[in-house]
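This report refers to the structure that appears directly beneath it.
There are 2 protein chains.
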Amino acid sequence: MLRSGGVAGGRERPGERTIVTLEDVARAAGVHYSTVSRALDPDTARQVNVMTRKRVQAVAKRMGYQKDMVASGLKRGRTHTVAVVVGDLANPNVALMLRGISNRLEPAGLMPLIVDTQNDPARLERVLDHLLSRRVDAVIVTAARLSDGPTLRRIRRRGIPVILAVQTVPGIRLPAFTHDDILGGTLAAQHLLALGHRRVAQLRGPADIYSCLQRAQGFSQTIAAAGAMEVVLRSSGPMGTAEEGGHLMRQLLDSKRALPTGIFAHHDLMALGAISVAEERGLACPRDFSIVGYADLPNVERMVPPLTSISLPREELGRLTADVMVELLSSGARPPASRKLAPTLVVRQSTGPPRDFR
Amino acid sequence: MLRSGGVAGGRERPGERTIVTLEDVARAAGVHYSTVSRALDPDTARQVNVMTRKRVQAVAKRMGYQKDMVASGLKRGRTHTVAVVVGDLANPNVALMLRGISNRLEPAGLMPLIVDTQNDPARLERVLDHLLSRRVDAVIVTAARLSDGPTLRRIRRRGIPVILAVQTVPGIRLPAFTHDDILGGTLAAQHLLALGHRRVAQLRGPADIYSCLQRAQGFSQTIAAAGAMEVVLRSSGPMGTAEEGGHLMRQLLDSKRALPTGIFAHHDLMALGAISVAEERGLACPRDFSIVGYADLPNVERMVPPLTSISLPREELGRLTADVMVELLSSGARPPASRKLAPTLVVRQSTGPPRDFR
DNA sequence: TACGGCACCGCAAACGTTTGCGCCAGTCGG
DNA sequence: CCGACTGGCGCAAACGTTTGCGGTGCCGTA
Numbered sequence: 014m015l016r017s018g019g020v021a022g023g024r025e026r027p028g029e030r031t032i033v034t035l036e037d038v039a040r041a042a043g044v045h046y047s048t049v050s051r052a053l054d055p056d057t058a059r060q061v062n063v064m065t066r067k068r069v070q071a072v073a074k075r076m077g078y079q080k081d082m083v084a085s086g087l088k089r090g091r092t093h094t095v096a097v098v099v100g101d102l103a104n105p106n107v108a109l110m111l112r113g114i115s116n117r118l119e120p121a122g123l124m125p126l127i128v129d130t131q132n133d134p135a136r137l138e139r140v141l142d143h144l145l146s147r148r149v150d151a152v153i154v155t156a157a158r159l160s161d162g163p164t165l166r167r168i169r170r171r172g173i174p175v176i177l178a179v180q181t182v183p184g185i186r187l188p189a190f191t192h193d194d195i196l197g198g199t200l201a202a203q204h205l206l207a208l209g210h211r212r213v214a215q216l217r218g219p220a221d222i223y224s225c226l227q228r229a230q231g232f233s234q235t236i237a238a239a240g241a242m243e244v245v246l247r248s249s250g251p252m253g254t255a256e257e258g259g260h261l262m263r264q265l266l267d268s269k270r271a272l273p274t275g276i277f278a279h280h281d282l283m284a285l286g287a288i289s290v291a292e293e294r295g296l297a298c299p300r301d302f303s304i305v306g307y308a309d310l311p312n313v314e315r316m317v318p319p320l321t322s323i324s325l326p327r328e329e330l331g332r333l334t335a336d337v338m339v340e341l342l343s344s345g346a347r348p349p350a351s352r353k354l355a356p357t358l359v360v361r362q363s364t365g366p367p368r369d370f371r
Numbered sequence: 014m015l016r017s018g019g020v021a022g023g024r025e026r027p028g029e030r031t032i033v034t035l036e037d038v039a040r041a042a043g044v045h046y047s048t049v050s051r052a053l054d055p056d057t058a059r060q061v062n063v064m065t066r067k068r069v070q071a072v073a074k075r076m077g078y079q080k081d082m083v084a085s086g087l088k089r090g091r092t093h094t095v096a097v098v099v100g101d102l103a104n105p106n107v108a109l110m111l112r113g114i115s116n117r118l119e120p121a122g123l124m125p126l127i128v129d130t131q132n133d134p135a136r137l138e139r140v141l142d143h144l145l146s147r148r149v150d151a152v153i154v155t156a157a158r159l160s161d162g163p164t165l166r167r168i169r170r171r172g173i174p175v176i177l178a179v180q181t182v183p184g185i186r187l188p189a190f191t192h193d194d195i196l197g198g199t200l201a202a203q204h205l206l207a208l209g210h211r212r213v214a215q216l217r218g219p220a221d222i223y224s225c226l227q228r229a230q231g232f233s234q235t236i237a238a239a240g241a242m243e244v245v246l247r248s249s250g251p252m253g254t255a256e257e258g259g260h261l262m263r264q265l266l267d268s269k270r271a272l273p274t275g276i277f278a279h280h281d282l283m284a285l286g287a288i289s290v291a292e293e294r295g296l297a298c299p300r301d302f303s304i305v306g307y308a309d310l311p312n313v314e315r316m317v318p319p320l321t322s323i324s325l326p327r328e329e330l331g332r333l334t335a336d337v338m339v340e341l342l343s344s345g346a347r348p349p350a351s352r353k354l355a356p357t358l359v360v361r362q363s364t365g366p367p368r369d370f371r
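Protein chains in written order, with the numbering used here: chain A, 14 to 371; chain B, 14 to 371.
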């Protein structure tokens, strides 16, 4: 029998935030609210008679019922949120990767909680605590630096899945989805060698970013194996700024040695900064030197000169990471194995044969 | 007296997710858990004796207690989350704005829930429902199109604060923080006029984006007031792609009329696309025509030619929006007034005097 | 008729916090 | 010595879901 009396409404003023709860629907449908809960959850819907089920569903729809994910999260211990920690939101590399993640998580009913650490390790710690207190179901970290090992181990101990993306930390027991940066460095070296360069330079990124170490390793090994000469310049500042690239280029130009004919910069912006500085000194690219960038930033093909670069499948990496995370959370499988995605060389006009070849 | 017995631990296996609750702390500190709750909340901490307060705080810290924001959210009805709806995460404009928002929300203890609609109105609706069911405290929408009016009004009716950023919809009763796009269009026109251009063209963005209408209005009014000639080309495709700009430029070149000497593109990428197409036909910029872009994308100064553009204070707009939102949520004030931030003209080398002046 | 089995649904206890209320032991004024 | 008052704290009811358990009919079989 329908319980009458206590008709909903009447207490709230028009502007009031009015949320429809299970109980409201239950009253309207003449059932207990637990029945409503069951009728609306696909997993339990068959526990309720098909007639009442339809009725309840209709009433719920009519009243605009929306499950309160906060209450559900508290009860179930699963919030359907995934924290995504990034080093810098405005970095185009990061943004593309995020789009990949976001587009994959959304249809699975998972909400990415994107937090920006501004590449500050202290902020990483703070932010992770904050995220854990929000009971995220899992964490994707795309901003790991070598020094972050302890922090990462700490959240691993919380028992929730953690996946590293883009950046990893050697020796950590966490699945990592990265670009194959050794291959990236190798491709750059092979390209310069194939063009005939025998004296090369490397403008390295920060030493606490593992992918930079990998790029360096791939590059230097290949150069050494070919018996060519290499000079290495190390950046101490932030990752991948034009200023940093210009700074290193100035060092190179100021040294007594002859300018190397081929240069590998660890980031496109570093390459562009280097080119600018060289031009100030009357050197032109690729006439006087060749340079290979890294990351293949958007619109870099419209720069002057269009930059030869190592292209990274960023959005795909994001999708892959999100896919694995969805799988991990839905089937409760064991942590997946790490994977590396291969970068590709994109030849444009910032590289050519060394001058003495012409 | 300390209750002994039932020492925590012993039941959980090492890998188990082990969360410390108020009750755990209470047991360890020998008080009731409501006292712990009060002692740890700055607003209620003075309700508990300073001695016990210190003790409880120490115990909580030692045990690594972290308030469960999910439970707190359920009880208080405030989740300390702000939804931020964007049209495309990978758009550099959006990314910078997001950084501004994110950096401002974080110290206030608010968590941005960033969702990407891929500029799809249907997805906007879906996603907003999802966000509301997560009981977000407020919403910032940066992707509003003219057709989104009804959707926006619907969430306004839910009673939570909504602020529009970057894009607005005319006639809607919601605070909007935007760039002054009329001024932006005006600046572009004034610049071209000052250089001596008398025949100009406008490459317009999509008609359902209000800021494009504003840019057009500012530009056309200024051109008309100076008695110069203008031809308008309308883009029907997505916002601001190079292809779109190239497409419109082709139309312009294919028309019987003489090529206008000055062009205003509604987006930097459109401008770049237009330049590429013109170059294919043997026309050079700024020799044969001048072009002004919009948005001042990162690294656009390194393009060829370095693009004259209208620069928008994106990150500042993000900060401002977030600031207002924080204020709104903490003090419960009435909705703020809309504001417009002024763009600036950045002159580079894609504009110069028209050919006949030389 | 008795009884087991089953389908359906209600009951109520959680999940971890917050918070109004009220108890208790002091203290103080009369 | 008594009553009022107060600071400090415990009690328990929420917040909206989920879910194990058990109750109520109803059917079929012995």
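Yeah, the Cβ is synthetic: ideal placement off N, Cα and C, and Gly gets one too.
Here the structure is a predicted model, which means the values were calculated and not measured.
Task: Contact belief for residue 316/B with residue 290/B at Cβ below 8 Å, rounded distance in angstroms - done: Actually they do not touch by this definition, with Cβ atoms about 15 Å apart.
- [ ] Mark residue 115/A as exposed unless 16 or more other C-beta atoms lie within 10 angstroms of its C-beta, in which case mark it buried.
- [x] buried
Open item on the list: Tell me the rounded alpha-carbon separation between residue 368/B and residue 286/A.
Closed with: 33 Å
Open item on the list: Extract the residue ranges of the beta strand (DSSP E) inside the stretch 284-308 of chain B, only unbroken runs of 3 or more that lie entirely within it.
Closed with: Entirely contained in the stretch 284-308 of chain B, the beta strand (DSSP E) runs reaching 3 residues are, in chain order, 303-308.
Task: Residues of the stretch 88-106 of chain A whose Cβ lies closer than 7 Å to any Cβ of chain B, in chain order - done: 92, 102, 103, 105
- [ ] Give a yes or no on whether 8 Å exceeds the smallest Cβ distance from residue 8/A to chain B.
- [x] Any question about residue 8/A goes unanswered here, given that chain A covers just 14 to 371.
Open item on the list: Please confirm whether residue 203/A has its beta-carbon closer than 8 Å to some beta-carbon of chain B.
Closed with: Taking 8 Å as the CB threshold, residue 203/A stays off the interface with chain B.
Task: Rounded separation between residue 245/A and residue 363/A - CA only - done: 20 Å
Open item on the list: Using only the alpha-carbon positions, how far apart do residue 271/B and residue 185/B sit?
Closed with: 42 Å
Task: residue 200/A versus residue 104/A: straight-line alpha-carbon distance, rounded - done: If you draw a straight line from the Cα of residue 200/A to the Cα of residue 104/A, it comes to about 24 Å.
Open item on the list: Is the separation between the beta-carbon of residue 298/A and that of residue 318/A shorter than 8 Å?
Closed with: yes
Task: From 129/A, 148/A, 308/A, 67/A, residue whose alpha carbon lies closest to that of residue 80/B - done: 148/A
TODO: Tell me, please, which residues DSSP counts as bridged to residue 214/B.
DONE: 244/B, 276/B
Task: Span of the beta strand (DSSP E), counted from its first residue to its last, around residue 324/A - done: 321-324
TODO: Could you name the residues of chain A that residue 115/B contacts, counting a contact when the two beta carbons are closer than 7 Å?
DONE: Against residue 115/B, the close residues of chain A are 102, 129, in the order they occur along the chain (beta-carbon pairs closer than 7 Å).
TODO: Starting from residue 153/B, trace the beta strand (DSSP E) both ways and give me its first and last residue.
DONE: 151-154
Open item on the list: Please state the DSSP three-state secondary structure of residue 49/B.
Closed with: helix
Task: Anticipated Cβ contact below 8 Å, residue 209/B with residue 366/B, distance rounded - done: 5 Å
TODO: Give me whichever residues DSSP pairs with residue 178/B in a beta bridge.
DONE: 190/B
TODO: Could you tell me whether any Cβ in chain A is nearer than 8 Å to the Cβ of residue 167/B?
DONE: No Cβ of chain A is located within less than 8 Å of the beta carbon of residue 167/B.
Open item on the list: Using C-beta distances below 7 Å, list every residue in its chain close to residue 256/A, excluding the 5 sequence neighbours before and after it, in chain order.
Closed with: 286
TODO: Could you tell me if residue 281/A is buried or exposed, where buried requires 16 or more neighbouring beta carbons within 10 angstroms of its beta carbon?
DONE: buried
Open item on the list: Report the CB separation of residue 284/B from residue 259/B in whole angstroms; it is logged as a contact under 8 Å.
Closed with: Wrong, their Cβ atoms sit about 10 Å apart, outside the cutoff.
Task: Closest Cα partner of residue 31/A within the set 78/B, 347/B, 168/B - done: 168/B
Task: Residue interval of the alpha helix (DSSP H) (run including residue 82/B) - done: 82-89
- [ ] Give, in chain order, every unbroken run of the beta strand (DSSP E) that is at least 3 residues long and sits entirely within the stretch 60-134 of chain A.
- [x] 94-99, 124-129
Task: Partner residues on chain A for residue 336/B, Cβ-Cβ distance less than 7 Å - done: Residues of chain A passing the Cβ test: none, with the nearest at roughly 17 Å.
- [ ] Specify the secondary structure class of residue 313/A as computed by DSSP and reduced to three states.
- [x] helix
TODO: Please confirm if the stretch 234-249 of chain B is in contact with the stretch 172-182 of chain B, defined as three or more CB-CB distances below 8 Å between the two stretches.
DONE: no
Task: Residue burial classification, residue 45/B (beta-carbon count within 10 angstroms, cutoff 16) - done: Classification of residue 45/B: exposed, given that the 10 Å Cβ count is below 16.
Open item on the list: Excluding the 5 residues flanking residue 222/B on each side, which residues of the same chain have their C-beta closer than 8 Å to its C-beta?
Closed with: Closer than 8 Å at Cβ, skipping near neighbours: 158, 159, 180, 252.
- [ ] Pick out whichever of 324/B, 342/B, 145/B has its Cα sitting closest to the Cα of residue 77/A.
- [x] 145/B
- [ ] Apply the 10 Å Cβ neighbour rule to residue 24/B and answer buried if 16 or more other Cβ atoms are within range, or exposed otherwise.
- [x] At residue 24/B, the pLDDT of 31 sits below 50, so the modelled position is not reliable; the number obtained from the coordinates is stated separately. So residue 24/B ends up on the exposed side.
Task: Backbone CA spacing between residue 312/B and residue 352/A [nearest angstrom] - done: 32 Å
TODO: Would you mind reading off the limits of the beta strand (DSSP E) that contains residue 359/B?
DONE: 357-359
- [ ] With 9 Å as the limit, tell me which residues of the stretch 70-83 of chain B have their beta carbon closer than that to any beta carbon of chain A; keep them in chain order.
- [x] 79, 80, 81, 82, 83
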